[in-house]
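J.:
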Amino acid sequence: MLLEELRQKVVDYGNQLISSGLTVGTAGNISMFDPETGYMVISPSGIPYAKTTAEDVVVMDLKGNIIESDRKPSSENGLHAAFYLEKPEARAVVHAHSMYCTTLACAGIDLQATHYAIADAGVATLPTIPYATYGTPELAELVREELRESDSKAFLMANHGMVAYGDSLEKAFAMAMTAEWCAQVQWRAMAISVPNILTDEQMDEVIEHYKTYGQAKTDDKSSQGYFG
Ligand SMILES: [Zn+2]
């Protein structure tokens, strides 16, 4: 089986998408990129995570051709490929319809620096990718356009959900968790008051601090960002 190790990891983290509460049902999807072959491996379409096996995970090239698997790939394979085409360091992408990120994205509210932990994304406010129908080349193109302009590691997707990437699946998943946690904090703060948003200067300082003191994050075990 081609890229068996990566395909198994997509299965394992697919189960974590459910157990962490980041997604429900078959929503959301995960991919990984193998720089040696230039292929990505991605969740299959419409199979419950608990029933997905490594064989079900689809191997594709970045032009949308299936290299190995009898299954249909996630309809968002173009969106995932956009990250590997635009960000040379990207090795994994996590897309979820997580409750709080999706709530903000449906209300047209930016995920801001209500809590400093959003600095994990390397920015103070997550960019929002404009709306297009799910699974379409139009949506993938909007993602590519956003990625050319932004260094953020996570994005809201208008009226859809969120997407995060990283140089490992551990980091991409941790980024998705942090973004969701920050979205929930912001939602709660907005429910009781007007949140105090950290200033650009305050966030620049946190982002700089993360860079300087982030050595521990190169180790997978401690790459859980704010949650570590
Ligand atoms: Zn989606």
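Using this note's numbering, read the sequence shown as starting at 173 and increasing by one per residue.
Yeah, the Cβ is synthetic: ideal placement off N, Cα and C, and Gly gets one too.
(1) Determine whether the beta carbon atoms of residue 333 and residue 274 lie at a separation below 9 Å.
(2) Does any heavy atom of ligand 1 sit closer than 8 Å to the C-beta of residue 256?
(3) Which residue's Cα is closest to the Cα of residue 207: 236, 220 and 264?
(4) Output needed for residue 392: all residues of its chain with C-beta closer than 6 Å, excluding positions within five of it in sequence on either side, in chain order.
(5) Confirm, please, whether the CB-CB distance from residue 344 to residue 283 is below 9 Å.
(6) Using 9 Å as the threshold, is the C-beta distance between residue 291 and residue 357 below it?
(7) Can you tell me whether residue 174 is buried or exposed? The criterion is at least 16 other CB atoms within 10 Å of its CB, across all chains shown.
(8) Mind reading off the beta-carbon distance from residue 336 to residue 251? Whole number of angstroms is fine, and I expect it under 8 Å.
(9) Taking DSSP as the reference, what is the three-state secondary structure of residue 394?
(10) Mapping DSSP to helix, strand and coil, what is residue 201?
T.: Here's the rundown:
(1) yes
(2) no
(3) 264
(4) Note that residue 392 has pLDDT 46, beneath the 50 cutoff, so the model's placement of it is unreliable and the number below is only indicative. Once the five neighbours on either side are set aside, the close Cβ partners of residue 392 are 342.
(5) no
(6) no
(7) exposed
(8) No, residue 336 and residue 251 are not in contact; Cβ-Cβ is about 12 Å, not under 8 Å.
(9) Its pLDDT being 43, under 50, residue 394 is placed unreliably in this model, and the value from its coordinates should be taken loosely. In this structure, residue 394 counts as helix in the three-state DSSP scheme.
(10) strand
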